[in-house]
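S.K.: In my numbering, the protein residues as written are 108 to 176.
Have a look at this one before I ask anything.
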């Protein structure tokens, strides 16, 4: 899982998003670079959400690992 977070995100239309968080879950065995994954996620959304995803994709990425049991 890849997590991106911004405490406050200002969009071009003046909208402010507090605590903007984006979590991307990539299945095990799926290969692909970070750029392809960012493009896929950005294409999923429209309007202000797409702008927020694009802004978050430029921020630091935190990697999370989840073990199923």
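From the three backbone atoms N, C-alpha and C, an ideal C-beta is built for every residue, glycine too.
Do residue 171 and residue 111 come within 7 Å of each other at the CB atom, strictly closer than that value?
M.R.: Residue numbering aside, residue 111 sits at position 4 when the chain shown is read from its first letter. Residue numbering aside, residue 171 sits at position 64 when the chain shown is read from its first letter. Taking 7 Å as the Cβ cut-off, residue 111 and residue 171 do not qualify as a contacting pair.
S.K.: Following the continuous beta strand (DSSP E) through residue 111, name the residue where it begins and the one where it ends.
M.R.: As a first step, residue 111 is located in the chain shown; it is residue number 4 there, counting from the start. Per DSSP, residue 111 belongs to the beta strand (DSSP E) from 109-117.
S.K.: DSSP on residue 163, reduced to helix/strand/coil?
M.R.: Here residue 163 corresponds to residue number 56 of the chain shown, with the count starting at 1. The answer is helix: DSSP assigns residue 163 an H, G or I state.
S.K.: Compare the C-alpha of residue 118 against each of 158, 174, 166, 175 and name the closest.
M.R.: The count along the chain shown starts at 1 and reaches residue 118 at position 11. Comparing Cα-Cα distances from residue 118 to each of 158, 174, 166, 175, the minimum goes to 158.
S.K.: DSSP three-state label for residue 144, please.
M.R.: On the chain shown, position 37 is the one that residue 144 refers to. Residue state, collapsed to three classes: helix.
S.K.: So for residue 122, helix, strand or coil by DSSP?
M.R.: Along the chain shown, one-based indexing puts residue 122 at 15. The answer is coil: DSSP assigns residue 122 none of H, G, I, E or B.
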